[in-house]
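J.: The structure under discussion is supplied below as structure tokens; questions concerning it will follow.
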Amino acid sequence: MELRHLQHFVAVAEDQHFTRAAERLMVSQSGLSASIRALERELQTPLFVRTTRRVTLTEAGRALLAEAERILAQVRAAHEAVAAVQGVLRGTLAVGSEQCIAGVHVAELLAAFRRRHPDVEIRLRQWGSAALAEEVAAGRLDLAFAYRTEADPEQLRCVPLTSEPMTVLCHPGHPLARAGAPVTPRDLGEEVFVDFHPDWGPRRATDAAFAAAGVRRTVALEVNDVHSLLDLVDENLGVAVVPRHFRHKREALTALPLKDTADAAYETVALVPSPRAISPAARALMALLDHGGA
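Numbering (full-length UniProt numbering), first residue to last: 1 to 294.
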């Protein structure tokens, strides 16, 4: 099995199209097709279902994709490690982050990294914490800043950054705001909730807090960005349970402490691969983070 066969396979899987993948790889379509056929002959199974419009992965293809991406990531890391030993950090740093993460100022950190390592291309992706964990474990991201997650330590490590309590945000005219007292999950049982998608860190922390308290809740208004959440609460369409630092993003809203949640907290971590798999660029970024991003 040749590396170029795996590179070609991953490109076709990503683009779901032979012509587009060939253009991106700057190879002929016939050469790309031959490479995929050679890989399928070696593995003795089809990897794609081909139609006139696109190609999709077979079950065997999906199984191969995760391993192929991991292998290619390790090969890139090997090249970058050799360059690092020679005193030059090159290659790509692929970083993931949730929106408005606590414990790290991502933009400032990446700017400081670029000043120190101008030959490294920086790529940034924003997703929910569950997706970020999968991307780091698969080798598609070098590291990510996210909510803590349970993971196989052979593939993923959680480096603690900060922890903060959850806070209830509501409109100033809401009855909870007028009472002005700390609230419990049971106090919120009948409320309409604004929240993020289920794989986002704040949503996972809130779900865990309410589950621990034995309180069921319904999220009626589900969003995928912080400003939309704040806008909906600002219009008194619902209440939100969010990490405490969110209260500074919309001062007009009322923030109330959430109590009786069995010490539930929003724990921010850096998700990084195992020590043997971490790239030199990711190691340099973590070192910079340890020194305050200076």
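Each residue gets a CB set at the ideal place from its N, CA and C atoms; glycine is no exception. Please read these numbers as outputs of a predicted model, since none were measured by experiment.
What does DSSP give as the partner residues of Ile122 in its beta bridges?
T.: The residue given as residue 122 occupies position 122 in the sequence shown. Paired residue(s): Leu93.
J.: Compare the C-alpha of Val95 against each of Leu110, Val82, Glu23 and name the closest.
T.: Mapped onto the sequence shown, residue 95 falls at position 95. If we check each option's Cα against that of Val95, Leu110 comes out closest.
J.: Closest to His171 by C-alpha separation, out of Gly139, Asp142, Val194, would be which residue?
T.: For the purposes of this step, residue 171 is taken as residue 171 along the sequence shown, with counting starting at 1. Among Gly139, Asp142, Val194, the Cα nearest to that of His171 belongs to Val194.
J.: In whole angstroms, what separates the C-alpha of Arg4 from that of Leu32?
T.: What you label residue 4 is simply residue 4 of the sequence shown in a count that begins at 1. What you label residue 32 is simply residue 32 of the sequence shown in a count that begins at 1. Taking the straight line from one Cα to the other gives about 10 Å.
J.: For Thr218, does the three-state DSSP call read helix, strand or coil?
T.: Within the sequence shown, residue 218 is the residue found at index 218, counting from 1. Coil, per DSSP.
J.: Only counting the same chain, and skipping five residues up and downstream in sequence, which positions put a Cβ closer than 8 Å to that of Glu14?
T.: Working through the sequence shown from its first residue, we reach residue 14 at position 14. If we look at Glu14 and ignore the five residues flanking it on each side, its Cβ neighbours are Ala21.
J.: For the alpha helix (DSSP H) containing Ala146, name the first residue and the last one.
T.: Position 146 of the sequence shown holds residue 146. No alpha helix (DSSP H) contains Ala146, which is instead part of the beta strand (DSSP E) from 143-147.
J.: Counting beta carbon pairs with one atom in the stretch 216-232 and one in the stretch 254-265, are three or more of them shorter than 8 Å?
T.: They do not touch, by the three-pair rule.
J.: Are Leu288 and Phe113 close, meaning C-beta to C-beta below 8 Å?
T.: Indexing the sequence shown from 1 puts residue 288 at position 288. Indexing the sequence shown from 1 puts residue 113 at position 113. It is a contact, given that the beta carbons lie within the stated cut-off.
J.: What does the Cβ neighbour count give for Ala78, buried or exposed, with the cut at 16 atoms within 10 Å?
T.: By 1-based counting over the sequence shown, the position of residue 78 is 78. The residue in question, Ala78, is exposed, as its Cβ has fewer than 16 Cβ neighbours within 10 Å.
J.: Assuming the contact rule is C-beta atoms closer than 8 Å, Leu253 and Val241 should be a hit. Round their C-beta distance to whole Å, please.
T.: In the sequence shown, residue 253 corresponds to position 253, counting from 1. In the sequence shown, residue 241 corresponds to position 241, counting from 1. In fact, because the Cβ distance is near 13 Å, the residues do not count as touching under 8 Å.
J.: Considering only the beta carbon of each residue, do Arg244 and Glu164 sit closer than 8 Å?
T.: Here residue 244 refers to the residue found at position 244 of the sequence shown. Here residue 164 refers to the residue found at position 164 of the sequence shown. Result yes, Cβ atoms of Arg244 and Glu164 sit closer than 8 Å.
J.: Exposed or buried, what is His8 when buried is set at 16 or more other beta-carbons lying within 10 Å of its beta-carbon?
T.: Numbered from its first residue, the sequence shown carries residue 8 at position 8. His8 comes out buried.
J.: How many Å lie between Val75 and Pro273 at the Cα?
T.: Within the sequence shown, the letter at position 75 stands for residue 75. Within the sequence shown, the letter at position 273 stands for residue 273. C-alpha separation (whole angstroms): 15 Å.
J.: If you draw a straight line from the C-alpha of Asp211 to the C-alpha of Glu267, how long is it?
T.: Looking up residue 211 in the sequence shown gives position 211. Looking up residue 267 in the sequence shown gives position 267. In the sequence as presented, Asp is not what sits at residue 211; that position holds Ala. In a straight line, the C-alpha of Ala211 is about 17 Å away from that of Glu267.
J.: Quick check on this structure: which residue in Glu135, Arg247, Thr45, Ser279 has the alpha carbon closest to the alpha carbon of Glu98?
T.: In the sequence shown, counting from the first residue as 1, residue 98 sits at position 98. The shortest Cα separation from Glu98 among Glu135, Arg247, Thr45, Ser279 belongs to Glu135.
J.: Determine, using beta-carbon pairs with one atom in the stretch 144-161 and one in the stretch 183-192, whether at least three such pairs fall under 8 Å.
T.: As far as the Cβ criterion goes, the stretch 144-161 does not touch the stretch 183-192, which means the pair count is below three.
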